[in-house]
Amino acid sequence: MSTYYDLFDEGRIALFKLQEGENDARLLLLWACDIDMPQLLTDYTTSQVSEEKIKKYRDAVALRKTGMPLQYITHESNFCGLELYVDENVLIPRFDTEVLVEKVLADNKENDITVLDLCTGSGCIAIALAKFGRYRGVYGSDISRAALEIADANAERNGVDITFYESDMFNELGDLRNLDIIVSNPPYIRSAVFGELMTEVRDHEPRIALDGDEDGLKFYRIIASGAREHLHKGGKLYLEIGYDQAEEVRKLLEENGYRNIEIIKDLSGLDRVICSTV
Ligand code: GLN
Numbered sequence: 000m001s002t003y004y005d006l007f008d009e010g011r012i013a014l015f016k017l018q019e020g021e022n023d024a025r026l027l028l029l030w031a032c033d034i035d036m037p038q039l040l041t042d043y044t045t046s047q048v049s050e051e052k053i054k055k056y057r058d059a060v061a062l063r064k065t066g067m068p069l070q071y072i073t074h075e076s077n078f079c080g081l082e083l084y085v086d087e088n089v090l091i092p093r094f095d096t097e098v099l100v101e102k103v104l105a106d107n108k109e110n111d112i113t114v115l116d117l118c119t120g121s122g123c124i125a126i127a128l129a130k131f132g133r134y135r136g137v138y139g140s141d142i143s144r145a146a147l148e149i150a151d152a153n154a155e156r157n158g159v160d161i162t163f164y165e166s167d168m169f170n171e172l173g174d175l176r177n178l179d180i181i182v183s184n185p186p187y188i189r190s191a192v193f194g195e196l197m198t199e200v201r202d203h204e205p206r207i208a209l210d211g212d213e214d215g216l217k218f219y220r221i222i223a224s225g226a227r228e229h230l231h232k233g234g235k236l237y238l239e240i241g242y243d244q245a246e247e248v249r250k251l252l253e254e255n256g257y258r259n260i261e262i263i264k265d266l267s268g269l270d271r272v273i274c275s276t277v
């Protein structure tokens, strides 16, 4: 029989090469044993962990050791304080994307608003906006059916009503026009640098959700030319961008007639969000 102490020690050693290995071992132990931190500390050396939980923990540590992100092992992810299911069909929501949500919420306090989240993935942005903005109509779209099933389940889990569209960008959005807001965190990594990403991202997260083609701007081009047809005059566009893309995306938006362009920084002080008005 092993105690939490034995198992944590075993996991910590197995994951020592990872940047956050010790913390990952602790989180996987909490998850596999279905306990919280106070329980772990209280029973640290006295616990007798069942064989079933030990196996669950060891399997999880072995997966983490291969570079699989923690969230794809536990299928738990947190975004803006909301709990979301994730697997390898969707991107793991990032803290930086919370900046996009906060900006939309800060600018748009009325409830009588319609908003579309293009490339919704896990549904994180749409769900956070529906939950905290209490907007009248929240829509999400994605090209991936597998992603939409996850987004739909996440919306239900968080008690919000969102209509999802299976659509390659604006192609299958039907009569979804006259919207107040479009938001998107589109794929924006340049194809050439894809190979340089961390294993966790490169080998496990869906490439379709990350790869922005040769110059990383493919989806911003599509959005800049298409969004205005789905927004009413005065409608707003909010986009997440790569830290080095602000000027290029600003230019694209200006060329397409968008006004009031504003760039917002993320928590690390890097350009992360660009907003504008039609
Ligand atoms: N909207 C999702 C997110 O922000 C997915 C984005 C994407 O697939 N590019 O995490």
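In numbering that gives the first Met the number 0, the protein residues as written are 0 to 277. For glycine and all other residues, C-beta sits at the position ideal for the given N, C-alpha and C.
| Asked | Found |
| --- | --- |
| Three-state secondary structure assigned by DSSP to Ser275 | strand |
| Ile124 Cβ short of 7 Å to ligand 1 heavy atom set | yes |
| Given Gly225 as reference, the closest of Phe15, Gly139, Ser121 and Met168 once Cα atoms are compared | Met168 |
| Local conformation of Leu27 per DSSP, three classes | helix |
| Pair within 8 Å by beta-carbon distance, Ala223 and Asn255 | yes |
| Ala154 versus Glu247 - alpha carbon distance | 34 Å |
| Secondary structure, beta strand (DSSP E): runs of 3+ residues fully inside the segment 173-209 | 178-183 |
| beta-carbon Gly158 near ligand 1 non-hydrogen atom, thresh 7 Å | no |
| Best match in Asn157, Phe163 and Tyr3 for proximity to Arg144 [C-alpha to C-alpha] | Phe163 |
| Residues bridged to Thr73 [DSSP beta-bridge criterion] | In the DSSP output, where bridge partners are listed per residue, Thr73 has none listed. |
| Inter-residue Cα distance where the pair is Ile53 and Leu83 | 25 Å |
| Three-state class that DSSP yields for Gly136 in the structure shown | strand |
| Per-residue DSSP class, three states only, for Arg93 | coil |
| Same chain only: Cβ atoms within 8 Å of Ser166, ignoring 5 sequence neighbours per side | Ser140, Asp141, Ile142 and Leu172 |
| DSSP state of Phe131 mapped onto helix, strand, coil | helix |
| 7 Å CB neighbourhood of Lys42 in its chain, flanking five on each side removed | Per the sequence shown, residue 42 should be read as Asp rather than Lys. Tyr3. |
| Cβ-based burial, Tyr56 [other Cβ within 10 Å; buried from 16] | buried |
| Span of the beta strand (DSSP E) around Val159 | Neither: Val159 is in no beta strand (DSSP E) and is coded neither H nor E. |
| Inter-residue Cα distance where the pair is Cys118 and Asp95 | 16 Å |
| Pro68 versus Asp86, Asp8 and Cys79, residue with shortest Cα-Cα distance | Asp86 |
| Per-residue burial, Leu236 [other beta carbons within 10 Å of its own, 16 or more giving buried] | buried |
| Cβ contact (3+ pairs, closer than 8 Å) linking the segment 173-183 and the segment 117-131 | yes |
| Nearest residue (CA-CA) to Asn170, options Glu253, Ile188, Asn259 and His229 | His229 |
| Environment of Glu19 [buried if 16+ CB atoms lie within 10 Å] | exposed |
| Beta-ladder partner(s) of Ile263, from DSSP | Val272 |
| Counted within 10 angstroms of its Cβ, other Cβ atoms place Ser46 as buried (16 or more) or exposed | buried |
| Secondary structure of Lys232, DSSP reduced to three states | strand |
| Collapsed DSSP secondary structure at Leu14 in the structure displayed | coil |
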